[in-house]
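Everything on this sheet refers to the single structure shown next.
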Ligand SMILES: Cc1cc2nc3c(=O)[nH]c(=O)nc-3n(C[C@H](O)[C@H](O)[C@H](O)COP(=O)(O)OP(=O)(O)OC[C@H]3O[C@@H](n4cnc5c(N)ncnc54)[C@H](O)[C@@H]3O)c2cc1C
Ligand SMILES: Nc1ncnc2c1ncn2[C@@H]1O[C@H](COP(=O)(O)O)[C@@H](O)[C@H]1O
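Protein chains in written order, with the numbering used here: chain Y, 1231 to 1496; chain F, 55 to 362.
Shown next, in the form of C-alpha cells:
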C-alpha cells in the first residue's frame, strides 16, 4: 500500500468561554484564541486511523490558516499528536469568507503535499464547523476546488484498503458512504473523544517541525482570495428582556400553566 | 422578475415544513424553480408557483462532486438571482460547491433575506450580521422557522431532466431511517421541551410534558453524551438549532453552546433547581425548583384544565 498523508485542518478561534465580538472593521476580534475544540475531533480521527493502519506509513499533518497567533493552534495540534504543522499566514487573508478560506486551503494543501515530499495518497480531515465562522461549508468548497468527494458530518470513519467509509446522519436517515482517496471528510464531535496531551506528548511536540508560508508560496495571489461576501453590519443581539423568576413554593407547576395560558401558548 | 432556484437534497412523499418555508420565501422574492437530487421527483412538488423542476438522470448521492454539475446545469437554465437551500449539511455542501463553480458568495443559516441582503446570527447567537454577495447570484441556506410556511397545492410542474449523472466516486452503501419518535420534527416543532443532566437519566417527565403540549423532545449535550437519549435530540451549536414558539428547558444549566441552539425561541421557560444557572438570564419565565416536583404538577394541571 502507498503511504497515507492525512492533512487535518485546524483553526485558531476566539475562545467561546470568553466575550467574543467584532472590531471596528467589522471583523471578528482575534486578539486571543485557542485551537477550536471541534477541530480536535478530526485530529483524533486521524490518529486513530494512523494507529489502525499499522502496516502502512501514515503521516498526520496539521494545517492552519490564520494570523501569527494561529501558531498556538498548531502547537496544541502537535501536542495532541500530529507529526508536523503547517501555517499559512498572509495579510491578504484578513476577513476571509468561505470562498477565500477554501481557496487558500486548497492551495495550501497542494503546497503541504509537495513540501512533505511523500509519495502518498491523501485524505483531508476537517472539523464539523469552525466555532467562529460556523458555516460548515469550507469542507465542501475545499473538496470542490480539489475535485474530490466531500463526505461531511462523519460520526464514524475508517479506511479499509483503498476505500474510505463514513457513517453520517442526514436529516432523518443514517447513511454509510464510501469512496476512494483522495477525499475531504468533516468529522463531528460524535465521532470520538479527543485525547488529552500528557507531559510526554507535550515535550515531544516541542521537537516537531512547523513550516510557515505565505499565499505567494502556494502560487495564489490576493485576487484569488477576495471574499465573495461583504459584511454590512454586525451588532450584538439585544439582550432578552429579563423575565419573571419564581421560587417553587409548591405551586410552581400550576403557575407555569397559568403563564402558558396568559401567553396564549396552550 | 427575480429568479429563485430552490435546491431540495431530498424529496419524500410530502414536503417537509422547511421545504415549504423555502418555497414560501422564494415565492415572496420572485419566480420559483426547483432542482432536486432525485431523478424522479415525487408528486410532493405539485405546489402553486413552481415554474420548472430540474432533475438528474439518476439519483446523485451526498458528497458526489457531480452535485456541482447538477446545480450549475440547473442554474444555467434558470438563470437565478438567488439560489436557496435548507440549513442542512447536504444542502450546504451542494450549494457550497455551486458557489465555487459560479464564483458566487455563499451565506449559510440565513434568518431573513431581503433583496440580496441576508441577516443571520453569528458567534453562537451573540451577534446579528447583515451581509451581501459581491456580485454574482446570492447563494444561501435558510434556517428553519424563519418564514411562516404557506404553500398552496397546484399541478405538478414540468420536469426537465438534465444531462447529469452521479460520478460514481461516492457509493451509498446503506441508508436507514432513524426510529421515529412519533413527535414533531425537532427543528420544525412549535413547542420544544428539552432535558439536561438534571433529569438524571430519566426522560419520561420531559417526554410526558412534550406530549401534553404537542411538542418535540430536545436535550443538552450532557444528556445525549450520557446516552440517555439519541443524539438527534441534541439542541445547540453541535446539535439542532431550534426556534420554536415555546422552549421549555428542564434541568439544563444554559451553557453558551446550548443557548446558541435555542435563544431565538419565542418564549423560553426554564426549570432548574440552581437559581444561579445561566439559563435564567434568557428565560421569560423561570422556575427555581426541582423538576421532579414541578413537571408532574404542571402535567396534572394541564390535564385538569383540558377536562374542564
Ligand atoms: C465545542 C462544543 C460544542 C458543544 N455543543 C453543545 C450543544 O450543541 N448542546 C449542548 O447542550 N451543549 C453543548 N456543549 C456542552 C455545553 O458546554 C455544556 O457542557 C452542556 O450544555 C451542559 O449540559 P447540561 O446543562 O444538561 O448539564 P449541566 O451543565 O451539568 O447542568 C445540569 C443542570 O441541571 C440542574 N438540575 C440538576 N438536578 C435538577 C433537578 N432535579 N431539577 C431541576 N434542575 C436540576 C442543575 O442545577 C444544573 O444547572 C458543547 C461544548 C463544546 C465545547
Ligand atoms: N482558517 C482556517 N484554518 C484551518 N482550518 C479551517 C479554517 N477555516 C475553516 N477550517 C476548517 O474547516 C472546518 C469548517 O469550518 P467552517 O466552514 O468555517 O465552519 C473547520 O472545522 C476547520 O477544520
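Positions of the beta carbon are idealized from the N, C-alpha and C atoms, including for glycine.
Quantities reported herein were computed from a predicted structural model and do not represent experimental measurements.
Pull the bridge partners of residue i from the DSSP assignment, please.
i	result
residue 1406 of chain Y	Y/1397, F/228
residue 207 of chain F	F/101
residue 157 of chain F	Answer is none; residue 157 of chain F lacks a bridge partner.
residue 174 of chain F	F/183
residue 1390 of chain Y	Y/1393
residue 1352 of chain Y	Y/1235
residue 214 of chain F	F/108
residue 87 of chain F	F/59, F/106
residue 323 of chain F	F/302, F/339
Taking CB distances under 9 Å as the criterion, tell me whether residue i reaches chain Y.
i	result
residue 90 of chain F	no
residue 349 of chain F	yes
residue 270 of chain F	no
residue 251 of chain F	no
residue 95 of chain F	no
residue 292 of chain F	yes
residue 261 of chain F	no
Would you decide whether residue i is buried or exposed? Buried here means 16 or more other CB atoms lie within 10 Å of its CB.
i	result
residue 316 of chain F	buried
residue 1439 of chain Y	exposed
residue 1490 of chain Y	buried
residue 278 of chain F	buried
residue 1428 of chain Y	exposed
residue 1248 of chain Y	exposed
residue 1232 of chain Y	exposed
residue 1271 of chain Y	buried
residue 1426 of chain Y	exposed
residue 234 of chain F	exposed
residue 1477 of chain Y	exposed
residue 325 of chain F	buried
residue 1308 of chain Y	buried
residue 230 of chain F	exposed
residue 1492 of chain Y	exposed
residue 1363 of chain Y	buried
Pick helix, strand or coil for residue i, following the three-state DSSP scheme.
i	result
residue 1301 of chain Y	helix
residue 1240 of chain Y	coil
residue 61 of chain F	strand
residue 1481 of chain Y	coil
residue 1247 of chain Y	coil
residue 257 of chain F	coil
residue 241 of chain F	helix
residue 252 of chain F	helix
residue 1487 of chain Y	helix
residue 1328 of chain Y	helix
residue 1362 of chain Y	coil
residue 288 of chain F	strand
residue 299 of chain F	coil
residue 1470 of chain Y	coil
residue 1381 of chain Y	strand
residue 1460 of chain Y	strand
residue 341 of chain F	strand
residue 1494 of chain Y	coil
residue 283 of chain F	coil
residue 201 of chain F	coil
Against chain F, does residue i count as a neighbour if the rule is that its beta carbon must be under 9 Å from one of theirs?
i	result
residue 1403 of chain Y	yes
residue 1487 of chain Y	yes
residue 1385 of chain Y	yes
residue 1343 of chain Y	no
residue 1444 of chain Y	no
residue 1433 of chain Y	no
residue 1261 of chain Y	no
residue 1362 of chain Y	yes
residue 1255 of chain Y	no
residue 1406 of chain Y	yes
residue 1382 of chain Y	yes
residue 1258 of chain Y	yes
residue 1327 of chain Y	yes
residue 1378 of chain Y	yes
For ligand 3, is there a heavy atom less than 8 Å away from the beta-carbon of residue i?
i	result
residue 274 of chain F	This structure simply doesn't include ligand 3; it includes ligand 1 and ligand 2 instead.
**Request:** With 9 Å as the limit, tell me which residues of the stretch 148 to 167 of chain F have their beta carbon closer than that to any beta carbon of chain Y; keep them in chain order.
**Result:** 148, 149, 150, 151, 152, 153, 154, 155, 157, 158, 159, 160, 161, 162, 163
**Request:** Scan the stretch 1459 to 1480 of chain Y for residues whose Cβ lies nearer than 7 Å to a Cβ of chain F and list them as they occur along the chain.
**Result:** 1459, 1460, 1461, 1462, 1463, 1464, 1465, 1466, 1467, 1470, 1473, 1474, 1475, 1476, 1477, 1478
**Residues, ordered as in the chain, of the stretch 325 to 352 of chain F that lie near chain Y by beta-carbon distance below 9 Å** = 325, 327, 329, 334, 335, 336, 337, 338, 339, 340, 341, 342, 343, 344, 347, 348, 349, 350, 351, 352
**Request:** Pull out every residue of the stretch 165 to 185 of chain F whose Cβ sits closer than 8 Å to any Cβ of chain Y, in chain order.
**Result:** 171, 175, 176, 177, 178, 179, 180, 181, 182, 183, 184, 185
**Message:** For the stretch 1414 to 1433 of chain Y, list every residue whose C-beta sits within 8 Å of some C-beta in chain F, in sequence order.
**Reply:** From the stretch 1414 to 1433 of chain Y, only 1418, 1419, 1420 have a Cβ closer than 8 Å to chain F.
**Prompt:** Taking a cut of 7 Å between CB atoms, which residues from the stretch 197 to 227 of chain F lie near chain Y?
**Reply:** 223, 224, 225, 226, 227
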